[in-house]
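Chemist:
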Amino acid sequence: MLQQAFNGLVGGAFYALLALGLAVIFGMLGVVNFAHGAFYMLGAFGSYILLDSFGVNFWLALPIVPVVLGVVGVILERLFIHRLAPLDPLYNFLFTFGLALILQDLVKRQYGVQSQPYPRPSALGGSIDLGLFTYPAYQVFVLGVSVLVCGVVWVVLTRTRVGMIVRAATERPELSRALGIDVARWVTPVFGFGIALAAFAGVLAAPMRAVNPLMGSDLIITVFAVVVIGGLGSVFGSVAAGFAVGLVSALGNYYVPSLSQTLVFILMAVVLLWRPAGLFGREEAL
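Start counting the sequence shown at 139; every next residue gets the next number (our numbering).
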């Protein structure tokens, strides 16, 4: 059971990173970014391309790919999403949905639908003795780095002036505007940061999951459920729900495999019946 729980925490690490980016983007822009999974996929493919074409190893790809895709996110926000923001939110949803399909098809056209191999870093190729069981070193690394990144983001958001402004503009955008905060000033970098988090998760996923054009679309629906469970626009809620959903999925797959694909959505339904705004959300965020 402990090993399954650890599996769940590792899976939850990806949910937490992706949900964190989605929550920040939704909270500040009010945009349901359906292309988030596609950028997760591009993060994995970016690390694969750097290694296959340029010989750039995992350790260099880990910072390079998120920065590059974060800049791409900034450009997309300024060219398209910013222009659609005054319109009905459905327009940005349709734009990001179409963008996800375009990115997937472009990758399919170049690399096909078969999974591409990506080796684990040699320094993390063994196992670590955790006392009651041994566990692959790379998965332990993924969990540790994810917790560290989420922790650093949380400290920045709660302990710095810039972070407090971003958090206020994310969780209470209308109130922030009423208090004189220029929310529009923070929209573009925050969108790029959210995309960079998705790409970072993709790079981490490359050595342990299949690198293929559909890896993002297979994950994004669950990530949306995570954001809803945690509370739309709630940064802490998204991270906490990400790890919780990972645990529920792993333990459900072990004890009730017939319901493993639906347990997350059952949990989401129960949470919404109990708290329509999500575990850590506010009614104003809906």
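Ideal placement from N, C-alpha and C gives every residue a C-beta, glycine not left out.
(1) What residues are listed by DSSP as bridge partners for Y273?
(2) Check each candidate in Y153, F233 and V245 and name the one with the smallest Cα separation from L180.
(3) Of all the options Y186, L411 and A322, which has the alpha carbon lying nearest to the alpha carbon of M346?
(4) Assign Q399 to one of three DSSP states: helix, strand, or coil.
(5) By the three-class DSSP mapping on this structure, what secondary structure does Q248 have?
(6) Identify the continuous alpha helix (DSSP H) that holds P327 and give its terminal residues.
(7) Looking at the structure shown, is V304 part of a helix, part of a strand, or coil, going by DSSP?
(8) Could you check where the alpha helix (DSSP H) with Y256 kicks off and where it finishes?
(9) Whole angstroms are fine: how far does the CA of G416 sit from the CA of L410?
(10) May I ask you to verify whether the stretch 191-204 touches the stretch 348-367, counting CB pairs closer than 8 Å and requiring at least 3?
(11) Among the residues of its own chain, which have a CB less than 6 Å from the CB of E422, if the five just before and after it don't count?
(12) Hey, would you say G384 sits closer than 7 Å to G149, going by beta carbons?
(13) Could you check which residue in F381, Y229, P351 and V206 has the C-alpha nearest to that of V365?
(14) For V285, which beta-bridge partners are listed by DSSP?
(15) Where does V349 fall in DSSP's three states?
(16) At which residues does the alpha helix (DSSP H) containing P204 begin and terminate?
(17) Reducing DSSP to helix, strand and coil, say where V162 ends up.
(18) Return the first residue and the last residue of the alpha helix (DSSP H) that T360 is part of.
(19) Can you tell me which of P204, S284 and N230 puts its alpha carbon nearest to the alpha carbon of R216?
(20) Apply the 10 Å Cβ neighbour rule to S372 and answer buried if 16 or more other Cβ atoms are within range, or exposed otherwise.
(21) Does the distance from the CB of F172 to the CB of A223 come in under 7 Å?
(22) Which residues bound the alpha helix (DSSP H) around M113?
Modeler: Considering the structure as presented:
(1) I266
(2) V245
(3) Ranking the options by Cα distance to M346, first place goes to Y186.
(4) Three-state result, Q399: coil.
(5) helix
(6) V321 to A343
(7) helix
(8) Note, Y256: premise wrong, no alpha helix (DSSP H); not H, not E.
(9) 6 Å
(10) no
(11) Any answer about E422 is weak, because its pLDDT of 47 lies below 50 and its placement is not dependable; what the coordinates show is given next. Excluding residues within five positions, none has a Cβ falling inside 6 Å.
(12) yes
(13) F381
(14) Paired residues: none, contrary to the question.
(15) strand
(16) F196 to L214
(17) helix
(18) S355 to G368
(19) Considering only alpha carbons, the answer is N230.
(20) buried
(21) no
(22) Nothing about residue 113 can be read from this structure; the chain reaches only from 139 to 424.
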